[in-house]
Amino acid sequence: MPDKPSLPETAPARGRLKIFLGYAAGVGKTYAMLEAARQCKNQAVDVVVGIVETHNQPETEAFLQGLEVIPPRKITYDNIPLPEMDIDAILRRQPRLALVDDLAHINTPGSRHARRYQDVLELLEAGVYVYSTLDIQNIESLKDVVAQITGMKVRETVPDSVMDAVTDIHLIDLPPDELVQRLKDGKVYVPIQDGHAVEKFFRIGNLTALRELALRRAAERVDVQMRAYMRTSAISGPWPAGERLLVCISPGALGEHLIRAARRLADELKGEWFAIYVETPNDARLSQEQRDQVARSLRLAEQLGARTISRPGQSVAETVLEYARRHNITKIIAGKPVRSRWIEALRGSVLDRLIRAGGNIDIYVISSEAEPQLRQIGEAWRPHRPLWRYLLAVLLAGAATGLGALIAPYFHPTNLVVIYLLSVVLAAVYLGRGPAILVSFLGVAAFDFFFVPPPLTLAVDDTEYLLTLIGLLAVSLVLSQLTAMVRLQAEAVQQREAETVELYELGRDLTVAADLEAVCQAAIFHVGQTFSREVAVFLPIGNSLKVYSVSPGLLVSDEDSGVATWTFEHGQVAGRGTETLSEATLRYQPLKTTRGVVGVLGVKPADPARYLSRDQVRTLDAFANQIALAVERASLAEQARQAEVLEITDKLQNALLNSISHDLRTPLVSITGALSSLADDRILLDESSRRSLVETASEEADRLNRLVGNLLDMTRLESGAMRIKRDACDIQDVIGSALEELGGRLGDRKIQVEIPSELPLIPLDFVLVERVLVNVIDNALKYSQADMPIEIKALAAGAFIEIEVADRGTGIPSEDLTRIFDKFYRVQRPGNVSGTGLGLAISKGIVQAQGGFISAENRAGGGTIITISLPLE
Amino acid sequence: MAEMNLRVLVVDDERSIRRFLKASLGSQFVVLEAASGEEALAAVASEHPDVVLLDLGLPDMDGVEVTRRLREWTQIPIIIVSVREQEKDKIAALDAGADDYLTKPFGVGELMARLRVALRRTTQIDNEPVFSTGNLVVDMNQREVRMNEQPVSLTPTEYDLLRTLVKHAGKVLTHDQLLRAVWGTAYESETHMLQVNISNLRRKIEPDPSRPIYIVTEPGVGYRLKIL
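As you go down the protein sequences, you meet chains P and B in turn.
To get the numbering used here, take the position in the first sequence, counting from 1, and add 4.
To get the numbering used here, take the position in the second sequence, counting from 1, and add 1439.
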């Protein structure tokens, strides 16, 4: 897959390159380029033709008319003069724009550059703008894909780095059928001689695939350019391209289907998505099955990658919209209503309400048909709410009156008071305090006007009615007030519950956060969500307070950092919306625990004019507390981890130094001892004792020499200073050499060497592999008895040569079979085994550096086989 | 061999090494000392030793350089001494004209063997047609090779290779020197050809080809025909 192209950070001061990209020969790239060039010329741009291959196509040649052509250079190759672009002539000419056909062209040997694109780069460097043409198959990274499609390998390719420097791509597209027709008409120049291959290439299937490749490549660039534009213009969300979708889950049967549709939509729009379920008081009446359905839907949503939210609320639509607005949702997805139309009409559908009150949030409706048809319902007109309410209030009063008129003949007028009270209650619950009061007054007036004799006047005949009227008014007003208050309280409680839920969710995320990074991410996410603000977390790093983690796109200025530091030092809130340093851009909240201030939370509103309400401040405090605790916990855990690591490293290093020290000193003990005995005149030694001392000193000196060699080898391996020199070598020679090196240590041991004579020469480093063999055989010697034979075998195994060294020793416990190749690892064995435990580690290092493997296994009948595999190539 | 009159120039900047060599060789040779490249060049010119033991790690001059400068005017046998890892330097010195090498730390036995071989060249009569060592007999007149009295049939290349080794019997020959001698200068660094032929040769004349006693490998450097 092609890499994503990246645009240069700043506009280049040199020329710009525009590519006319086609998916096959003959789509009309050169034609289009010339057309564009002529347009430029008409606009008085200085255009020259650097090199254009018309292939004798009359239409193309026609376009060349009137354009200044720089004569090509003739370069002789194989006694044939071939034309190539004359770069120097173009540079001398200093045009504004040069046309260079076929960017991937390979230049004739003898030209300045090997490839035409290099020529073009030189032109660009000189400030010349260039138009060029290119086929999709000439792009280096697409070479393999194209080869798969067309079955042809392309030699002329342009590296992707050049593609990245291209400023503009003009895609030349032509339906494959038309291209094939043009081919038949002879209008296409194909640089392939083999007619059969041409036919194969120009198959509709091939062409379509190539076309798609070209289209996709061009589209990718647009996407990248757009995102780069967003970055350079410092535009962050909500931005239509950064979608946030909210899908509403209801107890209906549409659940799963809806979730999957939402997921698909989220993928297409490349946005985050959330799933919300609103618990209304009605839900107490849900069946168990419906409840399960909801739970399943929520789980599914979470599995598919959504964040799930559950909220209590009176009205589904309102709760959803409130959440949507608070969390910057750009699109809401709802299911098509499943309730019957009558119930809809009476109760009003959630969908209607969503649409009407949605503001500039798009509503997507998913139906339950086989194919989920996503119909986008556009922005809805937003009516002026309070007016609507009062209007309804009037209507309510009217309706009450109407009802009263209906039943007036059958009842005493006083009874009608009940209807009016009912309407007041309805108004208070559904419309609010103001409208309820309006209904109260209107109701009284209507009652008086229509039902209190004399009818159709506001006068009152009987004074009893006066009492009724006053009573009605009083009760209505009280009712309005109380009901409205209850409603407000209920709303407040809901608000608080919502915040508690959010606090709980923050807590939940903080608990599972494994380290400081995760804690900060959780903090930024939840604070950002809940307060619709950008967040920065400051933590003490080293000696100063530094920004540890921020919401994407948030930049903290130095002055603000200073305010953060103040907050950290004094442990008090500061910044925007507080009494201290209120000119700061962010509000700074100290993260306090019992141990002190562990950090600072900075909160920046999206709208600078909006301050946090008192409730919100309280909530922010609660959040800050939780975050502080989590930060503290994460810091302590981190410290504990580091301390542990340090301790272990220390111990290891000590153990190692002790081991090496011991191993280096031990031979010296014998040597010094022996030599001093020999030197001391006071000690009388007989011949055999002298000999013995001398031999001991000699052997120990050898041992010391080997140890030093091993340590040096190990150091070389680790520092990468080991040079591998690979030459074709005879394995027999290497093995023989190793045995020779071991010399006396072999003693009287029987060494069996089995090497097939047809074994080829193998590329390896003779000296190093000899060392490996010496180490491995030495190991075998150490761990087996002196009378046990050692077998050395070499055999070809596929792409490798395997050398096996087998002994009849005590074998290695199976859990140690890989660990014996670790540095300084010595199998715990009774009986004195000398050596540093480096030999096998060095062997492994050398073998691996040559691309081979080394392993150990136990053999049947006792003993160990160590296998060295070296590649034949 | 009248070794009593033979003079060895020991060139090493380490005093302790010069001391040890003087003590070990003093009974059989006259030991002269030099501690640097310049000193060595001067000593060879003025004292006329019979053989030079040259350490490669000299402070003022590269041992290879010393070899080269000596070879400009003298054919005196030069044995270089160096540490294990520096195969490249050894090869460079041998190519520059040194006769043999020793790897530190070395035992006196090895040293004596090398010295003997190096000195033999000066006393050796080059026209000796029959070479024999151990059970190997090479008759360069008849172009016959015998192992344990049995004639051995060699290809012309193998014979040339063996003959080259015999001419420098006891001394190390680098891969390149062997290739040049047998195949010509165009074939330098075609080591695989050498390998194959050595391998074949060993199979024909060695009692145990995997533990050769005549044609011995000098790892990373070349080969040596040992005088048993």
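All C-beta atoms, glycine included, are put in the ideal place defined by N, C-alpha and C.
Quantities reported herein were computed from a predicted structural model and do not represent experimental measurements.
Taking C-alpha positions only, P:Thr-212 is separated from P:Thr-112 by approximately 33 Å. For P:Leu-25, the enclosing beta strand (DSSP E) stretches over residues 21-26. By the rule that beta-carbons nearer than 8 Å mark a contact, B:Gln-1634 touches chain P.
Identification of chain B residues near P:Ala-732 by a Cβ-Cβ cut-off of 8 Å yields Thr-1630, His-1631, Gln-1634, ordered along the chain. Less than 8 Å divides the Cβ of P:Gly-841 from the Cβ of P:Phe-828. Under the 8 Å criterion on CB atoms, P:Glu-774 is classed as interfacial with respect to chain B. Going by DSSP, P:Lys-188 is part of no beta strand (DSSP E) but of the alpha helix (DSSP H) stretching over 180-188.
With three or more CB-CB distances shorter than 8 Å, the stretch 91-107 of chain P counts as touching the stretch 48-56 of chain P.
Taking C-beta atoms under 8 Å as the contact rule, P:Ala-440 and P:Val-448 fail to qualify, at a distance of about 13 Å. With respect to the C-alpha of P:Thr-418, the residue from P:Ala-403, P:Gly-436, P:Val-73, P:Ile-474 having the closest C-alpha is P:Ile-474. With a cut-off of 8 Å on Cβ pairs, the stretch 1645-1665 of chain B is in contact with the stretch 1522-1536 of chain B, counting three or more such pairs. Residues Gly-19, Arg-20, Leu-21, Lys-22, Gly-54, Leu-101, Ala-102, Leu-103, Val-104, Val-124, Leu-127, Leu-128 of the same chain have their beta carbon placed closer than 8 Å to that of P:Val-134, with the five preceding and five following residues left out of the count. Closer than 8 Å to the CB of B:Gly-1659 there is at least one CB belonging to chain P. B:Ile-1666 sits in coil when the DSSP states are folded into three classes, being neither helix nor strand. Taking C-beta separations shorter than 6 Å and ignoring five residues to either side along the sequence, the partners of P:Val-602 in its chain run Leu-595, Ala-632, Val-635, Glu-636, following chain order. Beta-bridge annotation (DSSP): P:Arg-248 is paired with P:Glu-276. Judged by pairs of C-beta atoms under 8 Å, the stretch 1448-1459 of chain B touches the stretch 1485-1500 of chain B, as three or more such pairs exist. Annotation note: the stretch 769-849 of chain P contains the following uninterrupted beta strand (DSSP E) runs of length 3 or greater, listed N- to C-terminal: 794-801, 804-811. Fully contained in the stretch 1577-1634 of chain B are the following alpha helix (DSSP H) runs of length 4 or more, in chain order: 1595-1606, 1614-1621.
P:Ala-338 has its alpha-carbon roughly 14 Å from the corresponding atom of P:Thr-323. A Cβ-Cβ separation of about 5 Å places P:Arg-591 in contact with P:Gly-581 under the 8 Å criterion. The shortest CA-to-CA distance from P:Gln-294 to any of P:Leu-258, P:Gly-309, P:Ser-674, P:Arg-311 is the one to P:Leu-258. Interface criterion not met: the Cβ of P:Val-809 is under 8 Å from no Cβ in chain B. Under a 10 Å Cβ-count criterion, B:Trp-1512 is classified as exposed, with fewer than 16 other Cβ atoms of the shown protein chains found around its own Cβ. With contact defined as three or more Cβ pairs closer than 8 Å, the stretch 83-92 of chain P and the stretch 27-42 of chain P are not in contact. In its chain, beyond the 5 residues on either side, Ala-517, Ser-553 have a beta carbon closer than 8 Å to the beta carbon of P:Gln-525.
For P:Asn-709, the chain B residues whose C-beta falls within less than 7 Å of its own C-beta are Pro-1544, listed in chain order. Between B:Ile-1654 and B:Arg-1641 the beta-carbon gap is near 6 Å, inside 8 Å, which marks them as a contact.
A Cβ-Cβ separation of about 6 Å places B:Leu-1633 in contact with B:Leu-1618 under the 8 Å criterion.
Against chain B, the beta carbon of P:Gly-843 has no neighbour under 9 Å; the closest one sits roughly 16 Å away.
Between P:Ile-739 and P:Ile-796, the C-beta spacing is below 8 Å. Between the alpha carbons of P:Ala-527 and P:Gly-546 lies a gap of roughly 22 Å.
Residues of the stretch 749-760 of chain P whose Cβ lies closer than 7 Å to any Cβ of chain B, in chain order: Val-757, Ile-759.
Judged by their CB atoms, B:Ala-1537 and B:Val-1490 are not nearer to each other than the 8 Å cut-off.
About 7 Å separates the beta carbons of P:Arg-120 and P:Asp-106, which is inside the 8 Å limit, making them a contact pair. Proximity of B:Glu-1526 to chain P, defined by a Cβ-Cβ separation below 8 Å, is satisfied.
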